[in-house]
Ligand SMILES: [Zn+2]
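In the numbering used here, the protein residues as written are 20 to 115.
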């Protein structure tokens with residue numbers, strides 16, 4: 020998936036499913052390795068919102084927001100993702 024100037028890999032794996040569930044997460048982003056790991060066992064609407072949430076982490080780190088907002092990243096993204104998920108569609112067929 021292209022996010023800004025970067026190609027970000029969306030990854031699904033049994034290992035990620037186990038690790039993310041153990042940590043109580045639906046997904047996670049690595050903004051330096053340019054990856055998003057998503058659990059494959061999520062309901063379609065949860066997977067969609069989780070991917071958008073993780074995309075927003077990548078967007079965040081391509082802007083000046085880290086300098087402007089410091090540790091507000093998770094709060095801002097958690098506030099935006101549920102609303103934006105109703106107006107954003109992904110073309111990746113693995114994502115509903
Ligand atoms: Zn987050």
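In this text, a Cβ means the ideal position worked out from N, Cα and C, and glycines have one as well.
Run through the segment 39-86 for me and flag every whole alpha helix (DSSP H) of 4 or more residues, listed as ranges in chain order.
Whole alpha helix (DSSP H) segments, 4+ residues: 63-79.
Could you tell me the distance, in whole angstroms, from the CA atom of residue 51 to the CA atom of residue 103?
In this model, residue 51 and residue 103 are separated by some 24 Å (Cα to Cα).
Run the proximity test for residue 93: is its beta-carbon closer than 6 Å to any non-hydrogen atom belonging to ligand 1?
Yes.
With a 10 Å radius around its C-beta and 16 neighbouring C-beta atoms as the bar for buried, classify residue 48 as buried or exposed.
The residue in question, residue 48, is buried, as its Cβ has 16 or more Cβ neighbours within 10 Å.
Rounded distance between the beta-carbons of residue 53 and residue 28, thought under 8 Å:
Sure, about 7 Å apart at Cβ, within 8 Å.
Among 56, 108 and 71, which has the Cα closest to the Cα of residue 36?
Its Cα nearest to that of residue 36, the residue 56 stands out among 56, 108 and 71.
Run of the alpha helix (DSSP H) containing residue 100, from where it starts to where it stops:
Element bounds for residue 100: 92-103.
Tell me whether the beta-carbon of residue 69 lies closer than 7 Å to the beta-carbon of residue 46.
Their beta carbons are under 7 Å apart, which means residue 69 touches residue 46 by this criterion.
Touching by the beta-carbon criterion (3+ pairs, under 8 Å), the segment 72-83 and the segment 20-27:
Between the segment 72-83 and the segment 20-27, the count of C-beta pairs closer than 8 Å reaches three or more; the two stretches touch.
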